[in-house]
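FYI, in our numbering the residues of the sequence shown are -17 to 337. Notes for the one structure printed next.
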Amino acid sequence: MNKSINDWIRPEIQQLSAYHVPDPGDTIKLDAMENPYQWDTALVEEWINVLRTAPLNRYPDPAAREVKQQLRAIMQVPDTMDMILGNGSDELIQMLALTLNGEGRILLAPEPSFVMYRLIAQVVGMQYIGVPLQADNFTLDMFAMLEAIETYQPALVFLAYPNNPTGNAFDVLDIEAIIETSHGIVVIDEAYAPFADNTFMSRLGEYPNLLVMRTVSKLGLAGLRLGLLAGPHEWLEQIEKTRLPYNINVLSQLSAIFALQHYTVLEKQTLQIRADRANLLERLNTIEGVQAWASQANFILFRVADAQAVFDELKNQGVLIKGLHGSHPLLDNCLRVTVGTPEENQAFLQALTQI
Ligand SMILES: *Cc1c(COP(=O)(O)O)cnc(C)c1O
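Below you can see the structure in the form of structure tokens.
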């Protein structure tokens, strides 16, 4: 009987490196697209009072009906469409991959994009195909995309809209062509919808293979872990079978219901972040040696001469951002900064200017 790791752990798993999250210490944390604002004391008190009633001895509502109802209203999910909730949209990506997985099945995404598409494909044993975006403006390379879709016939295509880490929203006509060309499912991942001008949510039903994914993470509730998938009943009833029962726990459900009842607070913060994003971009581009790209998300991608040195020096000065150099050939010497409070943005800009 053989008891070695090499005999039992699939090579794809052995080759993976687990998703790495750096310890922020007490830096100004601008690395993870979090909303920088905390609730005021009165709101926190009110929330704690709600949690006091939490029946922790009972399983949660398995369908999380009340949370779904609120999300449907706030995110304008069409009445005719079904919804599935995930413990973050990461879990929804995993459910999609588990459902569509099979012999020779392929998951395709443009890249650079959200790293979880590749990671989850590898974990469940799907083949991952990444199609490079156009260098310099990060638009879809439509010739390459359509050719790859014809060649590989992916079961799943993920399009982050707007895209992470580039911040741009792909062209609507390009996305339509991808949906039309694909025989498999196309998931439009709208994690950054609160900061963007356009959405495919209202277009659900126009295409039989279109699904839309959202999350409350970038809206100001990253700690909750709550994402949603919306689309036609025929697909979602299949995907639902891979959802673990009670995946949205009692505390998350109660907290989400409470937070979404106070959605105007989050909405106001989002508008503030959008305004500060414009200011941050303008000022970034006035710094010599910095090239920053316009963004429809709550972060900005920029390029410098030596990204590692800039990253290290910013960290020395107490500002944590995300280094992307080495993660993809198109991201040479690139860094990504999350839009923080005006004070945090100022501290970041000041440190960067000095460097
Ligand atoms: C942050 C992010 C997510 C993850 O959302 P969670 O709901 O926090 O799991 C999904 N997609 C994209 C493109 C993201 O950037």
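Idealized CB from N, CA, C, for every residue including glycine.
1) Could you pull the start and end residues of the beta strand (DSSP E) that Ala329 belongs to?
2) Relative to the C-alpha of Gln407, which candidate in Cys316, Ile337, Asn315 has its C-alpha closest?
3) On the CB-based measure, 16 or more other CB atoms within 10 Å of its CB, does Arg196 come out buried or exposed?
4) Kindly give me the distance between the Cβ atoms of Asn146 and Phe96, rounded to whole angstroms, as I take these residues to be in contact under 8 Å.
5) Thinking just about the alpha-carbon of each residue, which of Gln235, Leu317, Pro6, Ala329 is nearest to the one in Asn341?
6) DSSP three-state call for Pro92: helix, strand or coil?
7) Helix, strand or coil for Leu74, going by three-state DSSP, please let me know.
8) Kindly list the residues whose CB is nearer than 8 Å to the CB of Leu296, restricted to its own chain and excluding five residues on each side of it in sequence; keep chain order.
9) For Leu80, which residues from the same chain have a beta carbon less than 6 Å from its beta carbon, with the 5 sequence-adjacent residues on both sides left out?
10) Using 8 Å as the threshold, is the segment 242 to 262 in touch with the segment 206 to 223, meaning 3 or more CB pairs across them?
11) If Asn191 and Trp275 are in contact, beta carbons under 8 Å, what's the gap, nearest whole angstrom?
12) On the DSSP letters alone, give me the boundaries of the alpha helix (DSSP H) that Ala24 sits inside.
13) Taking Cβ positions, are Pro94 and Phe120 nearer each other than 9 Å?
14) State the start and end residues of the unbroken beta strand (DSSP E) segment that holds Ala212.
15) Relative to ligand 1, is the shortest distance from any of its heavy atoms to the C-beta of Thr197 smaller than 8 Å?
16) Mark Asn39 as exposed unless 16 or more other C-beta atoms lie within 10 angstroms of its C-beta, in which case mark it buried.
17) Report the option in Leu226, Ala279, Lys11 whose CA atom is closest to the CA atom of Ala142.
18) If I'm right that Gln52 touches Ser184 with Cβ under 8 Å, what's the distance once you round it to whole angstroms?
19) Which residues does DSSP pair with Lys11 in a beta bridge?
20) With DSSP run on the structure shown, which of helix, strand or coil describes Gln273?
21) Alpha carbon to alpha carbon, how far is Tyr174 from Asn327? Give it in angstroms, no decimals.
22) Going straight from the alpha carbon of Ile75 to that of Asn83, what length do you get?
23) Would you call the CB atoms of Asp64 and Pro214 closer than 9 Å?
24) Buried or exposed: Trp217, going by 16 or more other Cβ atoms within 10 Å of its Cβ?
25) Considering only the beta carbon of each residue, do Ile170 and Pro18 sit closer than 9 Å?
26) Anyone know if the C-beta pair for Leu90 and Leu138 falls short of 9 Å?
27) May I ask you to report which of helix, strand or coil DSSP gives Pro176?
28) Where does Val169 fall in DSSP's three states?
29) Looking only at its chain, what residues have a beta carbon closer than 7 Å to the beta carbon of Asp314, apart from the 5 residues adjacent to it on each side?
30) The beta strand (DSSP E) spanning Thr320 covers which residue range?
31) If you reduce the DSSP assignment to three classes, tell me which class Asp64 lands in.
32) Among Leu317, Glu264, Phe284, Ala238, which residue has its Cα nearest to the Cα of Arg54?
Reading from the atomic positions:
1) Per DSSP, Ala329 belongs to no beta strand (DSSP E); it is in the alpha helix (DSSP H), 324 to 336.
2) The chain is shown only over -17 to 337; residue 407 falls outside these bounds and no answer can be derived.
3) buried
4) Right, their Cβ atoms sit about 5 Å apart.
5) Because the chain here runs from -17 to 337, residue 341 falls outside it and cannot be looked at.
6) strand
7) Reduced to three states, the DSSP call for Leu74 is helix.
8) Leu302, Ile303, Phe330, Ala333, Leu334, Ile337
9) The residues are Val106, Thr224.
10) no
11) At roughly 30 Å, the Cβ-Cβ gap does not stay under 8 Å, so Asn191 and Trp275 are not in contact.
12) Counting along the chain, the alpha helix (DSSP H) containing Ala24 begins and ends at 23 to 34.
13) Going by C-beta atoms, Pro94 is nearer than 9 Å to Phe120.
14) Where Ala212 is concerned, the enclosing beta strand (DSSP E) stretches over 209 to 213.
15) yes
16) exposed
17) Ala279
18) At roughly 18 Å, the Cβ-Cβ gap does not stay under 8 Å, so Gln52 and Ser184 are not in contact.
19) Leu302
20) Residue state, collapsed to three classes: strand.
21) 19 Å
22) 12 Å
23) Contact check for Asp64 against Pro214 passes: the beta carbons are separated by less than 9 Å.
24) buried
25) no
26) yes
27) In this structure, Pro176 counts as helix in the three-state DSSP scheme.
28) strand
29) His307
30) 316 to 320
31) strand
32) Ala238
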